[in-house]
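Colleague: Residue numbers (this note's numbering): 6 to 384.
The C-beta atom is built at its ideal place from N, Cα and C for all residues, glycine as well.
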Amino acid sequence: MDPVFIIGTGLAGYTLAKELRRGGWDAPLVLVTADDGRYYSKPMLSSALSQGKDEAGLTQADAVGMARDLAAEVWTRKEVTAIDPAAHLLTVGGESHRYGHLVLALGSSPIRLPLKGDGAGEVLSVNNLSDYGRFLSRLQGAKRVAIIGPGLIGCEFANDLLVSGRSVTLIGPDKWPIGTLVPEAAGRAVQRALVAHGATWHLETFNGPVERRGSGLATLLGNGSLVEAEVVLSAVGVRPVTALASAAGLAVNRGIVTDRFLRTSAADVYALGDCAEVDGRLLPFVAPLMVAARALAKTLAGIQTPVVYPLMPVAIKTSLHPVVVLPPPPGIEGGRWDVRESGAGVAGRYVEPSGKLRGFALTGGAVAEKNVLVREMSA
């Protein structure tokens, strides 16, 4: 039997491999990764600093240990350069290998801003364990950090840096923090909480060239403010990795296009995780990934199982002012946020014209209402 090949050893790839073995799959299994194949929790990257965790502290197993535990081959530092779906072949390191099923668990990559200035090359992004190691190294002795991007990831890193004793400046064109997920009142509540712990915000503006200045960096903003910091972190978002799939002729839109069975446009080729656009939706969060991995493991074992997502609230790791959000599904005509503010926090309900609850955003003490709202939406 030709093996199942999984390209990628992030949370998606390793979770699928675990689910296959847990379900009794005993056929050959090969995972291929361009990095060193360490197993870790990617969501922990934005909250590990205040917990005193370095790369080693976040690593749960190395590639050798994962290969042993999964009874699989894990090929590290190997690049897949081509896929031939018609012949069921993939090219790795110049050699061709035949697959029975192929799973693309390619993840996402940071959006790179076209920054100018002699310090632009020193702007960091943190999207994997090695990135985090470089970030930690640059933070040694640093007291001031500038973050470009006041969205979910930017706010999580800001929270972590503030708790660890750094001062933080957040920069972006957004009107309020986490603006793509929460209503203004909820975003402002997070903003106030981080200000109370030393954060500075420059919203509705852009950064100019990033220049070296002494031992640090400086950027002149569109609003005329000069921001200086020892470290500049870009957290403007990620996009699905699709180049390999596109070159192989697979259908690609925002991500690699799949149906509810995670099937791509090529027979026996599937996509999972951040790289996949499942039935028209990108869901770059852990909960949907886990649901999808369990379904795909069954499908590969011969039990055709569509992905059916339950209600999946997202907890944003801003411990200084917690946030839980369940984004409303796209395409609701006439939907609106009904917001209630109190000293404890903000409770936002996203309702359609009929009054039916379709999503929510809770902050501070209001996060205690999560289960009640989930039950209401499930009724």
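In whole angstroms, what is the alpha-carbon distance linking Trp342 and Gly70?
Modeller: So the alpha carbons of these two residues sit roughly 48 angstroms apart.
Colleague: Taking the alpha carbon of Ala92 as the point to measure from, which residue in Thr210, Ala253, Thr174, Val351 has its own alpha carbon closest?
Modeller: Nearest C-alpha to Ala92: Ala253.
Colleague: Could you pull out every unbroken beta strand (DSSP E) segment of at least 3 residues lying fully inside the segment 156-211, listed in chain order?
Modeller: Whole beta strand (DSSP E) segments, 3+ residues: 172-177, 204-208.
Colleague: Report the option in Arg363, Gly370, Thr368, Leu249 whose CA atom is closest to the CA atom of Arg380.
Modeller: Comparing Cα-Cα distances from Arg380 to each of Arg363, Gly370, Thr368, Leu249, the minimum goes to Arg363.
Colleague: Helix, strand or coil, according to DSSP, for Tyr19 in the structure here?
Modeller: It is helical.
Colleague: For Val257, is the classification buried or exposed, using 16 other Cβ atoms within 10 angstroms of its Cβ as the cut-off for buried?
Modeller: Buried, since its Cβ has 16 or more Cβ neighbours within 10 Å.
Colleague: Just to confirm the assignment: which complete beta strand (DSSP E) runs, minimum length 3, are found wholly within the segment 79-104?
Modeller: List check, beta strand (DSSP E) in window: 85-89, 94-97, 100-103.
Colleague: Counting Cβ pairs, one atom from each stretch, are 3 or more of them under 8 angstroms apart for the segment 147-164 and the segment 225-245?
Modeller: Output reads yes: the segment 225-245 touches the segment 147-164.
Colleague: With H, G and I counted as helix, E and B as strand and the rest as coil, what does DSSP make of Arg268?
Modeller: Arg268: strand per DSSP, three-state reduction.
Colleague: Which partner residues of Val150 appear in the DSSP bridge assignment?
Modeller: Val173, Val236.
Colleague: How would you write the range of the beta strand (DSSP E) that Gly364 sits in, first residue to last?
Modeller: Run containing Gly364: 362-368, per the beta strand (DSSP E) assignment.
Colleague: Using C-beta distances below 7 angstroms, list every residue in its chain close to Thr86, excluding the 5 sequence neighbours before and after it, in chain order.
Modeller: Cβ neighbours of Thr86 beyond the five flanking positions: Thr96.
Colleague: Which one of Leu120, Arg268, Leu325 has the shortest CA to CA distance from Thr224?
Modeller: That would be Leu120, whose Cα lies nearest to the Cα of Thr224.
Colleague: What does a CB cutoff of less than 8 angstroms around Leu167 pick up in its chain, not counting 5 residues either side in sequence?
Modeller: If we look at Leu167 and ignore the five residues flanking it on each side, its Cβ neighbours are Val173, Leu199, His202, Gly203, Ala204, Leu325.
Colleague: Using DSSP's beta-bridge definition, name the partner residues of His106.
Modeller: According to DSSP, His106 bridges with Val9.
Colleague: Starting from the Cα of Gly154, find the closest Cα among Thr64, Thr14, Val128, Gln309 and give me that residue.
Modeller: The shortest C-alpha separation from Gly154 is found at Val128.
Colleague: Going by DSSP, what residue range makes up the beta strand (DSSP E) through Ala320?
Modeller: Per DSSP, Ala320 belongs to the beta strand (DSSP E) from 319-321.
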